[in-house]
Ligand SMILES: Cc1cc2nc3c(=O)[nH]c(=O)nc-3n(C[C@H](O)[C@H](O)[C@H](O)COP(=O)(O)O)c2cc1C
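Residue numbers (the working numbering): 48 to 247.
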């Protein structure tokens with residue numbers, strides 16, 4: 048598709064994603080924030096929240112979270128996931144559909160050990176998305192964990208780790224004049240990426 052090249056899109060959508068991300072990352076502060084949508088089977092409704100995009104491994108998109116959180120429960124029941132990136136200054140959006148697997152313990156551990164100590168403690172003590180009485184109770188939990196691990200490394204909590212998203216669909220959106228936005232959909236079919244242009 049000739050069109051693709053005038054938008055500096057590549058036949059490989061991951062390469063295009065990385066190009067767009069790199070450009071956005073130079074332009075704006077919130078570039079790594081992505082909206083992440085999962086499906087809550089019990090309540091029969093979608094769920095959405097922002098998470099930090101943490102890079103690519105073996106063509107898969109990485110993020111880290113609590114393995115007992117609502118998102119983790121959603122993903123245990125249904126590994127289908129949708130990711131959204133919006134870069135205001137770049138005038139671009141990328142939407143991704145994929146399926147999720149958990150990262151190996153070794154890879155989660157190596158990322159966890161690269162984090163600063165306060166983040167490690169926060170991940171260790173938080174029962175993510177469970178109610179808590181007040182901020183003081185949270186600060187007390189933090190202090191207790193700090194004392195427990197004083198002078199020692201903090202091990203990877205069992206309830207925390209990474210996820211890998213294997214995309215099977217990407218949509219690249221670029222604002223156009225007169226609202227004639229340019230949109231390109233990449234779909235993985237028989238291990239090939241098929242590209243089509245979508246109406247605005
Ligand atoms: C910009 C931004 C980045 C965030 N990054 C993460 C993240 O990387 N991992 C995470 O577990 N929560 C992150 N959060 C918090 C999540 O949005 C969410 O509140 C939390 O993960 C609980 O989600 P859940 O109840 O749907 O499981 C982030 C929030 C914001 C605003």
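Quick reminder that beta carbons are idealized off the backbone N, C-alpha and C, glycines included.
Residues in its own chain within less than 6 Å of residue i by CB, not counting five upstream and five downstream?
i	result
residue 235	215
residue 179	185
residue 126	146, 147
Less than 8 Å between the beta carbons of residue i and residue j, yes or no?
i	j	result
residue 250	residue 117	Nothing about residue 250 can be read from this structure; the chain reaches only from 48 to 247.
residue 210	residue 147	yes
residue 85	residue 61	no
residue 63	residue 72	no
residue 124	residue 207	no
Residue i: beta carbon under 7 Å from a heavy atom of ligand 1?
i	result
residue 110	yes
residue 92	no
residue 160	no
residue 97	yes
residue 234	no
residue 84	no
residue 80	yes
residue 166	no
residue 118	yes
residue 155	no
residue 175	yes
residue 113	yes
Less than 8 Å between C-beta atoms, sequence neighbours within five positions excluded: which residues of the same chain meet that for residue i?
i	result
residue 168	189, 192, 193, 196, 201
residue 238	none
residue 181	none
residue 103	61, 65, 109
### Message
With three or more beta-carbon pairs closer than 8 Å as the criterion, would you say the stretch 71-80 touches the stretch 130-139?
### Response
yes
### Query
With contact counted as at least three CB pairs below 8 Å, one residue from each stretch, are the stretch 156-170 and the stretch 217-229 in contact?
no
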